[in-house]
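Those protein sequence lines, which keep their order, are chains A and B. If you're matching positions, the first sequence starts at 1 in UniProt numbering and goes up one per residue. If you're matching positions, the second sequence starts at 1 in UniProt numbering and goes up one per residue. A virtual CB, placed ideally from N, CA and C, is assigned to each residue, including glycine.
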Amino acid sequence: MSLHAQDDPELRAAQEARLREVWKPPSGLFLRWTDTNNDRVGVWYTLTAFGFMLFAGVLAMIMRTQLAVPDNDLVSANTFNQLFTLHGSMMMFLFAVPMFEAVSIILLPQLLGARDLPFPRLSAFGYWSFLLGGVFVAGSIFFNEAPDGGWFMYPPLTTRTDLSGLGADIWMLGLSFIEVSSVAAAVELIVGVLKCRPPGMRLNLMPLYAWYILVVAVMILFAFPPLIAGDLLFEMERLLNWPFFDASRGGDPLLWQHLFWIFGHPEVYIIFLPSIALFAMLVPTFAKRHLLGYPWIVLAAVGTAFLSFGLWVHHMFTTGLPKISLAFFSAASEAVVIPTGVQIFVFIATLWAGRVTWSTPLLYATGSLAIFVIGGLTGVMVAVAPFDWQAHDTYFVVAHLHYVLIGGTLMPLFAGLYYYWPLITGKKLSDRLGRIAFWMLFAGANITFFPMHFSGLEGMPRRVFTYPAELGIGGLNLVSTLGAYLFAAGVAVVCLDLALSPRRKTGARNPWGAGTLEWLEDPADDAHWGVRCVPLISSRYPIWDQKDFVKKVDEGRFFLPDAEEGRRETIITSVLDARPVSVIRLGTPSFKPMLTAIALGGVFILTTFHLYWAALACAFATLFMVLLWLWTGTAEIPEKECKPIGHGIKLPLYVSGAKAPGWWAMFITMMADATAFSGLVFGYFFFWTRHPDFPPADMAAAPGAFWPMVALAVALVSWTLTVAARQLNAAGSVGAARMALAAGAAFSAYGVYAGLAGPWLSGMDPEAHVYPAIVWTLAIWTAAHSGVAIIMQGYTLARSIAGRMTPKYDADVRNITVYMHFFALTAIVTYATIGLFPGVS
Amino acid sequence: MRRIGASLAASALLSACNRHQSALATFGAEATNIRTITIALVVGAAVIAAIMIGVYWRAVRAPEGQLTHKQGMRLVLWLGGIGPAIVLTVILIFALPAMRPRVTGAGDLTIHVEGEQFWWRVGYERPGGGVLVSANEVRVPVGRTVAFELTGRDVIHSFWIPGLAGKMDMIPGRTNSLVVRADKAGRYRGVCTEFCGLSHALMAFDVVAMEPAAFDAWLAGQARPAAGAGQGEGERLFAANGCGGCHAIRGTEHNSRIGPDLSRYGERLTLGAGILPPTVERTAQFIRAPQEAKPGVRMPAYPQLSNQEARAIAVYLKGLK
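The structure is reproduced here in structure tokens:
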């Protein structure tokens, strides 16, 4: 019987040395910030989000101090409005969502036994965008220019430039920038979960955290784009005076509310489900058994996600909607309790069936559940429309949402913090400080928010900078304020515990005795390779169930134990059953992600200050950086076709089409793009339902059918040529493929003209009425996509000519074909809507 | 038995609180109905919370293996799935009737209210035709159906009289209807509940529920000009300083509809949309520096007026009743 190659300790040492060298983080004052490795970027991301949370918390303390007594004048109305707007916006956009993405960037590769996520540079780009946009938005308060229209930014208060200032632009553009980075992270996480699992980890063996990440990232993909579409309309109204939300020119403020809450309600579950995911990791550990009812909880998570997109109207119960939709949305809102209930009882049943070991993380999880259940019960109450008519926009809802978010996001994150801190630093946090902090937080949250149920029903509206003494709610408010101070002190104790951590000594590996893959991490070893080798998985809890699992991993007895070519690599597997498909080379440390983020940030930030030429220059810089990044870092033709990964398996180093992560990333990005586009189309038809005649009968200017049909034909020709180029290239007719691409680019260029010609030549004035405004918007959106098509076709052509794309190595043309499919769909919908719909309606 | 317990609990909570701007101290049929729903929901929520705590307590203390896999799945199914489904269905059926608005008839009173930064324009449809304009105060007859027709002039506001009914948004370009019936005479208060800008917190109004006969007499009387309208030093100053450019006083040349109608200012219960006592002193101060009482108010300041002049206008306005 032949010995296993990995039996040789010298070979193992050599492999380890090579891996260590390859994954060595860049050092030095500047170079260290070029790092793209998930363990570094994830930690930066987490710390930054935590910092924003503390900042937004301080804002809340100022508010609570102002409201401690009636008729207080600690801060002015102006300051107070900035405080609550920024508090809400930051907690949502700069803490809750990014925090989940940050933690996932740290944990996901570990959980999946991968060396890193498929696009490490994209993670870095997301982080730098987040930091830049976050500092921009948060910093505005120091200049007394913070947004002051509420985190929901309802027009017309926020779109009328005589009623709102720079703050509204800062909110829209700064947070749009961050939304872009959130979508980028979602793409990264989805592809990571689908394509970077270790061999053998079929979908039904996936750790629940990965399931939840998948669900939540898909939700981000469908929830954020409508908001981005709304942001676009919003800024066009503010900067160009296009009247989307101005009732006097045919617009409707309610369109914003729909687009905002189609985002805003799923958002609640986007930030709640990752916390459930943390519970799903730590409950089995402390119950010392598998989670009971794995398929149920997965279905419940998917069900919650699905339902959450059908509930947005319950934020609009007081807008005067038809009664039948009230009843429907009341029922839908309550239905979401059922999957949530299933998830909670899965944990309870697991604890019941197992042997519970009490620990600080479990204490936090228990407290979170208690708080969350109260928030859930008041949630059922506000889902009942008549009750909501009273509670809506009062302190009752303030109480409800804080119970949900503290119990459903913040406290679970503290549970996760106490649970995963040893994984990241190798040191446990203090049990004593942790418990003290827990009781302060738990008591503080209840003392702060429980009285608010009563102050709300006693007639205290939300977003008031003061209230009269005669209302008799001074006592309730004083109690709330004292509770808030206690809560803040609890957070300070947690921070103290974290600050003391570096002085403590490194503890044992897997200190909680958990069964999932991430605990392979050895704190005594400072290796940055993620995993020593990519394991073969046959259980949901491999450390518990698979024989000698940790030892085998440590000795590199599974796959890809080496880095012979000195490249960062990880294994790509198939989506459903995780069969190895290929080895991909990962991005290495680079300044490009950071510079791209800075350039893109320039576009958003300079636009805020109406510096359009400078913003345009930044847009070109962004384009240049993106092309440079793609040209030098993607679809690289490998030096050899295949490489062995151990156990006699050889995998290709280059795949394209649906096997490749890049193709999936393009597909997923375009799903988000199509969703944003459908937000705009929704706008068109929303206005159509609002007006008895749309297009308005007295509006002579219309795009007509001719130019839209020409533009559609041109778009379809460009699409056909791209598909033909892909086929010709694959068949070896490189010259013909190049000609098809060149012709496609020419048609795309003409498509830009033809698309805009309809509204342009007919002299449609977008400032006059919402009809020309929305037609122009759809035309510009599609023309801009035609413009991007030129760049893509030109880029692919250049790659072919430069020898970076060949008939065998054809990822570029396959990826742009995905783009062109979506582009063709966009063109069909746009031109049919603006060109043909007026004729048939 | 349970009802008594619930009302006892509710009244204990109420004892320390206000009686004129509260969803728990109601004076209208709609709000009373919702209060009943509220009490039922709170009791139900408390029972469910107690069950959850009990089950959790049991779960973490149970020895290993006390619950088999099959039993565990049954627990999830019944307590997590079927149980909530039944409870929620019951709640929905229970609450559905309250979603149906009160039916209005031809003779019912219609009151138009328009929200504006940061005050309320009120118009009563009079029985004989025509609209009586007032501001920052809503009067309703007890026992009769009243339909509010609500809209926003500049931004979105929301019209909420907690003791009377739930709230309804006032949205530019739309007219929302809120149909109510007051059951108990008295003085109450309403507020704006949609964030509407700088002084959102200072946008309230008085609500007076009157016996039907008194209401009819009041409405008929309002159409006549007030006794002192158009006379005296105050009127001269009012006209000379251009107050009539925005405000109207029935029976005088001032009929602008930009700002609040002041025809019966002397009868108003508050100044500045429900925020200040309408004394001569406060009124004069408000005229000279409205921004101090109400940041972001549209009314320009009149610092050039002397104290005496401002007081003269205030005295004139106070006399309009």
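Around the beta carbon of Phe143(A), a 10 Å sphere encloses fewer than 16 other beta carbons of the protein chains shown; the residue is thus reported as exposed.
As summarised for the region 677-763 of chain A, the continuous alpha helix (DSSP H) elements at least 4 residues long and confined to that stretch are 706-730 and 734-761, given in chain order.
Listed in chain order, the positions of the region 550-580 of chain A with a beta carbon within less than 7 Å of a beta carbon of chain B would be empty, since no residue qualifies. Boundaries of the beta strand (DSSP E) harbouring Tyr124(B): Trp119 to Glu125, taken from the DSSP string. In this structure, Val553(A) sits near Arg532(A), with a CB-CB distance shorter than 8 Å. In terms of Cα proximity to Leu11(A), the closest of Phe682(A), Gly556(A) and Ser800(A) is Gly556(A). With respect to Ala305(A), Met411(A) sits apart: the two C-beta atoms are not nearer than 8 Å. Pairwise C-beta distances place the region 601-621 of chain A out of contact with the region 644-662 of chain A, as fewer than three of them are shorter than 8 Å. Check the Cα spacing between Gln546(A) and each of His258(A), Ala754(A) and Gly200(A): the tightest is with Gly200(A). With the criterion set as a beta carbon lying under 9 Å from some beta carbon of chain A, the members of the region 33-44 of chain B are Asn33, Ile34, Arg35, Ile37, Thr38, Leu41, Val42 and Gly44, in sequence order.
For Tyr154(A), the nearest CB of chain B lies under 8 Å from its own CB, placing it at the interface with that chain.
Here Trp23(A) carries a coil assignment [DSSP, helix/strand/coil]. A direct Cα-Cα distance of roughly 59 Å separates Pro708(A) from Ile48(B). For Pro561(A), no alpha helix (DSSP H) encloses it, and the DSSP letter there is neither H nor E. Annotation: the continuous beta strand (DSSP E) that includes Phe159(B) extends over His157 to Trp160. Around the Cβ of Ile51(B), a 10 Å sphere holds fewer than 16 other Cβ atoms; the residue is exposed. Between Leu77(B) and Asn78(A), the CB-CB gap reaches or exceeds 8 Å. The Cβ of Asn136(B) sits no closer than 8 Å to any Cβ of chain A. Here Ala524(A) is exposed, its C-beta having fewer than 16 other C-beta atoms within 10 Å.
Taking 8 Å as the cut-off, the Cβ atoms of Asn37(A) and Trp23(A) count as close.
Around the CB of Gln308(B), fewer than 16 other CB atoms lie within 10 Å, so the residue is classed as exposed.
If you draw a straight line from the Cα of Asp698(A) to the Cα of Pro260(B), it comes to about 35 Å. For Pro542(A), the closest alpha carbon among the candidates Leu520(A), Leu560(A) and Gly530(A) is that of Leu520(A). Non-local C-beta neighbours of Pro638(A) in its own chain, meaning closer than 8 Å and more than five positions away in sequence, comprise Arg585, Leu653 and Tyr654, ordered along the chain. In this structure Asn815(A) is buried. Its beta-carbon is surrounded by 16 or more other beta-carbon atoms within 10 angstroms.
Non-local beta-carbon contacts of Leu157(A) in its own chain, meaning distances under 6 Å to residues more than five positions away in sequence, involve Gly149 and Leu163 in chain order.
Here DSSP, grouped into helix, strand and coil, assigns Met61(A) to helix. Cβ-Cβ distances below 8 Å link Tyr188(B) to His20, Gln21, Phe27, Ile161, Gly163, Leu164, Asp206, Val207, Val208 and Ala209 in the same chain, with the five nearest sequence neighbours on each side left out; the list follows chain order. Taking 8 Å as the cut-off between beta carbons, the residues of the region 81-94 of chain B near chain A are Gly81, Gly83, Pro84, Ala85, Leu88, Ile91 and Leu92, in sequence order. By the C-beta density criterion, Thr409(A) is buried, having at least 16 other C-beta atoms within 10 angstroms. Distance between Ser678(A) and Asn241(A), taken at the CA atoms: about 22 Å.
For Thr607(A), the enclosing alpha helix (DSSP H) stretches over residues Lys592 to Thr608. At least 8 Å separates the CB of Phe591(A) from every CB of chain B. By the Cβ-count criterion, Pro277(B) is exposed, with fewer than 16 other Cβ atoms from all chains shown falling within 10 Å of its own Cβ.
Note on geometry: alpha-carbon atoms of Leu150(B) and Thr32(B) lie some 22 Å from one another. Contact between Arg153(B) and Gly320(A) does not hold, since the beta-carbon distance rounds to 16 Å and is not under 8 Å.
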